[in-house]
Amino acid sequence: MTAFEVNGRKVDLEVDPRESLLAVLQDRLHLYGTKKGCDHGQCGACTVHLDGRRVVSCLTLASQVEGREVRTIEGVAGEDGTLHPLQRAFIDNDAMQCGYCTPGQIMSGLACIAEGHTGDDDEIREYMSGNLCRCGAYVGIVAAIRQVAGPAEA
Amino acid sequence: MDFLRPATWAEALAAKAADPTAVPIQGGTDVMVEINFDVRRPPALLDLTAIGELGDWELTADGLLRVGAGVPYARIITELGDRLPGLAQASRTVGSPQIRNRGTVGGNLGAASPAGDAHPPLLACDAVIEAESAARGTRMIPATGFYLGVKRNALEPDELIRAVHLRPATGPQYFSKVGTRNAMVIAVCSFALALHPGERRLGAAVGSAAPTPLRARAAEEFAAREFDWSGATALDPALLARFGELAAEAASPIDDVRGTAAYRRHAIAVLARRTLTWAWNDYRGKAAA
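Protein sequences appear in the order of chains A and B.
Sequential numbering from 1 applies to the first sequence in UniProt numbering.
Sequential numbering from 1 applies to the second sequence in UniProt numbering.
As structure tokens, then:
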């Protein structure tokens with residue numbers, strides 16, 4: 001059995017040794033917010049936080065998260081449904097079209113802000129480079145992160 | 001497929017001895033790609049992430065940094081970037097921020113891909129790999145003798161990588177890489193440079209342009225012989241050009257999906273000149289100060 005926490009909830013599952021964290025989140029825990037884009041780390045759509053650090057859940061073996069804390073997009077808004085400021089900023093800045101990459105972008109964006117990689121817009125772009133958006137909403141994504149991170153450093 | 005999760009290093013060595021086909025896994029950023037696409041179905045995975053000491057680094061009594069095989073790239077950048085600038089720069093080009101939170105130098109060494117980003121800086125600064133087996137104990141393998149072929153390294157089937165030993169930088173170090181995106185780029189080719197002014201020489205290494213990462217020996221010997229190591233003078237453009245040529249000659253690239261052999265040779269010369277210019281300017285600045 002593999003025991004870990006997802007969005008503050010304890011789970012304890014029998015997982016196959018080959019199963020990725022992404023597969024477990026979707027197929028076993030029915031948390032469909034985390035998306036599968038490429039399944040080999042290229043696109044970032046499956047980004048979640050593991051013990052507070054962003055990782056791609058497709059390349060994280062479920063068996064390896066024993067005893068650790070996972071946070072997915074479902075754990076970002078308040079319990080009453082109040083959007084997180086970054087979720088609100090994505091809406092304000094039209095930071096999506098189809099929305100498929102958005103959960104990964106938001107999880108990556110939260111980490112980008114927490115890591116302090118928002119000194120200027122180029123730094124945001126570099127540290128968001130692990131997340132692809134095939135609709136090309138990058139301008140809005142950078143603006144949304146900027147809105148939450150505060151003004152660029154001079 | 002079995003999943004082995006030893007809690008201690010001794011248990012890990014025992015497990016590897018009992019089943020040498022078990023594939024060690026740290027962050028999983030390499031191994032998992034093959035599993036997800038069913039390219040590889042190892043009989044067993046040997047998860048090393050429960051062994052805390054692999055995630056530690058320390059300064060040894062002989063002044064070397066001993067970096068545990070499980071230290072992720074993100075921590076090499078933040079915690080060791082000042083002392084290992086070449087490796088930190090290479091780390092910053094690995095995968096994406098998400099990958100750098102999971103991927104490790106130990107994993108790069110285990111996979112021994114000719115395109116692995118950590119290899120050129122390890123070669124350029126004379127890194128030594130600490131391997132261990134339950135039967136024969138610790139073995140120190142210089143990076144120059146570690147890479148044997150495409151995805152083949154000098155490890156015995158029962159050995160695991162414990163750590164990498166590197167001397168903190170004694171001079172400027174640079175890494176440069178050609179790729180098509182700011183993330184998730186497997187190097188088209190790469191180049192690392194480490195100046196060792198106290199020894200009046202430099203280390204230079206080429207990545208992703210031969211069956212293994214390798215030292216550019218002729219370029220290194222040329223630099224030791226011809227450069228003004230007092231740091232008083234700028235590099236003559238002819239010296240710079242020759243250094244680039246010799247670096248490119250060290251490579252034996254192939255045409256593949258990421259680039260042609262001719263392009264790689266050309267690009268290696270450019271990267272060699274570029275990193276040398278950066279490093280030499282830093283060195284002259286320090287020498288003058």
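Think of the CB as a built atom: it goes at the ideal place given N, C-alpha and C, for glycine as much as any other residue.
_B:Ala-131 classed as buried or exposed, judged by whether at least 16 other C-beta atoms fall within 10 angstroms_ = buried
*For A:Glu-69, collect the residues of the same chain with a Cβ closer than 6 Å to its Cβ; drop the 5 residues on either side in sequence, then sort them by chain order.*
Glu-5 and Asp-51
*Just the C-alpha distance for B:Ala-224 and A:Ala-143, rounded to the nearest angstrom, thanks.*
Between B:Ala-224 and A:Ala-143, the C-alpha separation is close to 50 Å.
_Quick check: what's the CA-CA separation for B:Leu-123 versus B:Pro-6?_
31 Å
*With respect to the beta strand (DSSP E) encompassing B:Tyr-147, which residues constitute its N-terminal and C-terminal limits?*
147 to 149
*So, B:Ala-241 versus B:Pro-172, is the Cβ gap smaller than 8 Å?*
no
*Members of the UniProt domain "2Fe-2S ferredoxin-type" (1 to 76) of chain A near chain B, C-beta cut-off 7 Å*: Along the UniProt domain "2Fe-2S ferredoxin-type" (1 to 76) of chain A, going in chain order, the ones with a CB nearer than 7 Å to a CB of chain B are Pro-17, Arg-18, Ser-20, Asp-39, His-40, Gly-41, Gln-42, Gly-44, Thr-47, Arg-53, Arg-54, Val-55, Val-56, Cys-58, Leu-59, Thr-60, Leu-61, Ser-63 and Gln-64.
*Since A:Leu-59 contacts B:Arg-75 with CB under 8 Å, what's their CB separation in whole angstroms?*
With 8 Å as the limit, A:Leu-59 and B:Arg-75 do not qualify as a contact, their Cβ atoms being about 18 Å apart.
*asked:* Do A:Ser-129 and B:Ser-96 have their beta-carbon atoms positioned less than 8 Å apart in this structure?
replied: yes
*Chain-ordered neighbours of B:Asp-228 on chain A, where CB pairs are closer than 7 Å*: Within 7 Å Cβ-Cβ: nothing; B:Asp-228 doesn't reach chain A, min ~36 Å.
*In chain B, which residues lie with their C-beta within 7 Å of the C-beta of A:Tyr-127?*
Pro-97
*asked:* Between B:Ala-50 and the ligand ADP, is there a pair consisting of the residue's CB and a ligand heavy atom that are separated by less than 7 Å?
replied: The ligand ADP is absent from the structure shown, which contains no ligand whatsoever.
_Three-state secondary structure (DSSP) of B:Ala-204_ = strand
*Quick one: what's got a C-beta closer than 7 Å to B:Ile-254's C-beta in the same chain, skipping five residues either side?*
Ala-261
*Where does B:Phe-243 sit, in a helix, a strand or coil, going by DSSP?*
helix
*Please state if the CB of A:Pro-103 and the CB of A:Lys-35 are separated by a distance shorter than 8 Å.*
yes
*Please list the residues of the region 111 to 136 of chain A that have a C-beta atom closer than 9 Å to any C-beta atom in chain B, keeping them in chain order.*
Ala-111, Cys-112, Glu-115, His-117, Arg-125, Glu-126, Tyr-127, Met-128, Ser-129, Gly-130, Asn-131 and Leu-132
*With 8 Å as the threshold, decide whether the Cβ of B:Val-94 is near any Cβ in chain A.*
no
*Whole-angstrom distance between B:Val-23 and B:Ala-272, CA atom to CA atom*: 35 Å
*Would you say B:Arg-102 reaches chain A, if we count a Cβ-Cβ gap shorter than 8 Å as a contact?*
Taking Cβ atoms only, chain A reaches closer than 8 Å to B:Arg-102, which makes this a yes.
*Taking all protein chains shown into account, decide if B:Arg-152 is buried (16 or more other Cβ within 10 angstroms of its Cβ) or exposed.*
By the neighbour-count rule (16 or more Cβ atoms within 10 Å), B:Arg-152 is not buried but exposed.
*Assigned secondary structure, B:Ala-192 (DSSP; H/G/I helix, E/B strand, else coil)*: strand
*asked:* Along the region 157 to 190 of chain B, where does the CB come closer than 8 Å to a CB of chain A? Name the residues.
replied: Those would be Arg-181, Asn-182, Ala-183 and Met-184, in chain order.
*Return the chain-ordered list of same chain residues with a C-beta closer than 6 Å to the C-beta of B:Thr-170, the five sequence neighbours on each side being excluded.*
His-196 and Gly-198
*Contact with chain A by B:Thr-29, beta-carbon distance below 8 Å*: yes
*Could you tell me which residues DSSP pairs with B:Asn-153 in its beta bridges?*
B:Tyr-147
_Bridge partners - A:Glu-69, DSSP secondary structure assignment_ = A:Glu-5
*For B:Phe-222, which residues from the same chain have a beta carbon less than 7 Å from its beta carbon, with the 5 sequence-adjacent residues on both sides left out?*
Arg-242, Phe-243 and Leu-246
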